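Peer 1:
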Amino acid sequence: MSSPGSTRSMDESFSPESPESNASNRAGMCNSHEKPWVLYCRDSKEALCATCLTDRQQHKHGYETLEKGCKFEIEGVKKQVKKLMFILKKQVNTKAQVTKAKADVEDTFNLAKDTVTEYYRELQELIDQNMQQAFQLIQALRESSIQAMDQLLLDGEEQQQKSKQILETVEQLKKRQNTDFAVTLSDIKSLESEIEDIEDYHRNIVEDTFNLAKETVTEYYRELQELIEQNMQQAFQLIQAQRESTIQAMDQLLLDGEEQQQKSKQILETVEQLKKRQNTDFAVTLSLERTLLLMIRHLMEA
Numbered sequence: 140m141s142s143p144g145s146t147r148s149m150d151e152s153f154s155p156e157s158p159e160s161n162a163s164n165r166a167g168m169c170n171s172h173e174k175p176w177v178l179y180c181r182d183s184k185e186a187l188c189a190t191c192l193t194d195r196q197q198h199k200h201g202y203e204t205l206e207k208g209c210k211f212e213i214e215g216v217k218k219q220v221k222k223l224m225f226i227l228k229k230q231v232n233t234k235a236q237v238t239k240a241k242a243d244v245e246d247t248f249n250l251a252k253d254t255v256t257e258y259y260r261e262l263q264e265l266i267d268q269n270m271q272q273a274f275q276l277i278q279a280l281r282e283s284s285i286q287a288m289d290q291l292l293l294d295g296e297e298q299q300q301k302s303k304q305i306l307e308t309v310e311q312l313k314k315r316q317n318t319d320f321a322v323t324l325s326d327i328k329s330l331e332s333e334i335e336d337i338e339d340y341h342r343n344i345v346e347d348t349f350n351l352a353k354e355t356v357t358e359y360y361r362e363l364q365e366l367i368e369q370n371m372q373q374a375f376q377l378i379q380a381q382r383e384s385t386i387q388a389m390d391q392l393l394l395d396g397e398e399q400q401q402k403s404k405q406i407l408e409t410v411e412q413l414k415k416r417q418n419t420d421f422a423v424t425l426s427l428e429r430t431l432l433l434m435i436r437h438l439m440e441a
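Quick note on numbering: my numbering labels position 243 of the sequence shown as 382, and the sequence is numbered without any gaps.
(1) What residue range is occupied by the uninterrupted alpha helix (DSSP H) comprising residue 191?
(2) Determine the extent of the beta strand (DSSP E) in which residue 180 is found, giving its start and end residues.
(3) Note down the Cα distance separating residue 263 from residue 244, rounded to an integer number of angstroms.
(4) Give the C-beta separation of residue 237 and residue 393 to the nearest angstrom, bearing in mind that I take them to be a contact with Cβ-Cβ under 8 Å.
(5) Under three-state DSSP, which class holds residue 365?
(6) Just the C-alpha distance for residue 290 and residue 282, rounded to the nearest angstrom, thanks.
(7) Using C-beta distances below 8 Å, list every residue in its chain close to residue 381, excluding the 5 sequence neighbours before and after it, in chain order.
(8) State the DSSP-derived secondary structure class of residue 282, mapped to helix, strand or coil.
(9) I want to know whether the segment 173-189 touches the segment 200-211 - three or more CB-CB distances under 8 Å.
(10) With C-beta atoms as the reference, is residue 255 less than 8 Å away from residue 410?
(11) Does residue 173 come out as helix, strand or coil in the three-state DSSP assignment?
(12) Is the CB-CB distance between residue 356 and residue 266 below 8 Å?
(13) Taking the Cβ atom as the reference point for each residue, do residue 401 and residue 227 lie within a distance shorter than 8 Å?
(14) Opposite residue 202 in the DSSP bridges: which residues?
(15) Are the Cβ atoms of residue 367 and residue 258 separated by less than 8 Å?
(16) Using a Cβ-Cβ cutoff of less than 7 Å, which residues in the same chain neighbour residue 189 once the five nearest sequence positions on both sides are dropped?
(17) Just checking my contact of residue 378 with residue 251 at CB under 8 Å: how many whole Å lie between their CB atoms?
(18) Please report how far the alpha carbon of residue 395 lies from the alpha carbon of residue 229, in whole angstroms.
(19) Using 10 angstroms around the beta-carbon of residue 186, count the other beta-carbons present and answer buried if the total reaches 16, otherwise exposed.
(20) Using only the alpha-carbon positions, how far apart do residue 364 and residue 350 sit?
(21) Within the same chain, show all residues whose beta-carbon is closer than 8 Å to that of residue 169, passing over the 5 residues directly before and after it, in chain order.
(22) Can you pull the DSSP bridge partners for residue 374?
(23) Mind reading off the beta-carbon distance from residue 222 to residue 389? Whole number of angstroms is fine, and I expect it under 8 Å.
(24) Enumerate in chain order the residues of its own chain whose CB-to-CB distance from residue 360 is below 7 Å, with the five nearest sequence positions on each side excluded.
(25) Classify residue 293: buried if its beta carbon has 16 or more other beta carbons within 10 angstroms, exposed otherwise.
(26) Rounding to the nearest angstrom, what Cα-Cα distance links residue 235 and residue 391 in this structure?
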């Protein structure tokens, strides 16, 4: 595929309007000796001046008039034009294929975008479900712990009842002026206070543990949600960048094809002009034909 730089190079080197070709076309002069062409060499396939004919390398070559040389060259141009027409047809097919490929690219990237969206939607649903399950598990653990603490309180009440009975017994004993029982009463009150402190501690730690677990799960899923959103945006940006790069490459391919078609059209127009000429100026016609051959060859190699 040719670039704009190579296109300009071809125009400057081989265009019929370039300075070098204009000099030859205008006068039909030999570039080597600056003398008029007089004959056409079949072997070297070029027009010769009188000085060229005296060159020893040309002695065993076959010669024709410039008119026959023109006919010979025009046949070569026709063959090259046929090849060029075949290439033009392929370019038309290529353009259609590229256009279809662009549509396919759009469909592919839209499908990829929809797939990513659906994937993250399902992932979000799964996360929501897991978060609900986590909360349900925490709630179940909380209820189980509360139930255990309630049972502990119940057991504590039974212990308190027993303690009360002990205290009543102690009070009865105190009335007997027994000093040993006063010491026993003090110990029992201390034990009762300790039991109440233990009950409060376990009751509070259950609530604190539940709240901490709930906050931890909420924060975890919040961070996971942010990560998912970031990844989804990155996926969309990657898809968009790949889409734009692919479309840009295809647009450049179409542009290059249009440039080649335009040059091919110019060549065909020049060929038609040559066909309409009266062929009276064979030197000029021959020069144009050879320039066209170079242009066609360069175009097909591009």
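Note that CB positions come from ideal geometry on N, CA and C, so glycine has one too. If you're wondering where the values come from, they're calculated on a predicted model, not measured in any experiment.
Peer 2: The short version:
(1) Element bounds for residue 191: 189-192.
(2) In the DSSP annotation of this structure, the continuous segment of the beta strand (DSSP E) that includes residue 180 starts and ends at 176-180.
(3) Each residue's CA atom was taken as its position, placing residue 263 and residue 244 some 28 Å apart.
(4) Contact flag correct, Cβ pair sits at about 6 Å.
(5) Helix, per DSSP.
(6) Residue 290 and residue 282 have their alpha carbons spaced roughly 12 Å apart.
(7) These residues qualify, in order along the chain: 248.
(8) The answer is helix: DSSP assigns residue 282 an H, G or I state.
(9) Short answer: they touch.
(10) The Cβ-Cβ distance between residue 255 and residue 410 does not fall below 8 Å.
(11) In the structure shown, residue 173 sits in coil (DSSP, three-state: anything other than H, G, I, E or B).
(12) Not in contact: residue 356 and residue 266 (Cβ atoms no closer than 8 Å).
(13) No; because the gap between Cβ atoms is not below 8 Å, this pair is not in contact.
(14) According to the DSSP secondary-structure assignment, residue 202 is paired through a beta bridge with 180.
(15) Between residue 367 and residue 258, the gap from beta carbon to beta carbon reaches 8 Å or more.
(16) Taking C-beta separations shorter than 7 Å and ignoring five residues to either side along the sequence, the partners of residue 189 in its chain run 174 and 177, following chain order.
(17) Right, the Cβ-Cβ distance comes to about 5 Å (below 8 Å), so this counts as a contact.
(18) Annotation: residue 395 to residue 229 spans about 14 Å, alpha carbon to alpha carbon.
(19) Per the 10 Å Cβ criterion, buried.
(20) C-alpha of residue 364 to C-alpha of residue 350: approximately 21 Å in a straight line.
(21) So the list reads 175, 176, 186, 187, 188, 190 and 191, once near-sequence residues are dropped.
(22) Per DSSP, none; premise fails for residue 374.
(23) Wrong, their Cβ atoms sit about 26 Å apart, outside the cutoff.
(24) So the qualifying residues of the chain are 266 and 270.
(25) Residue 293 should be labelled exposed.
(26) One C-alpha to the other measures close to 14 Å.
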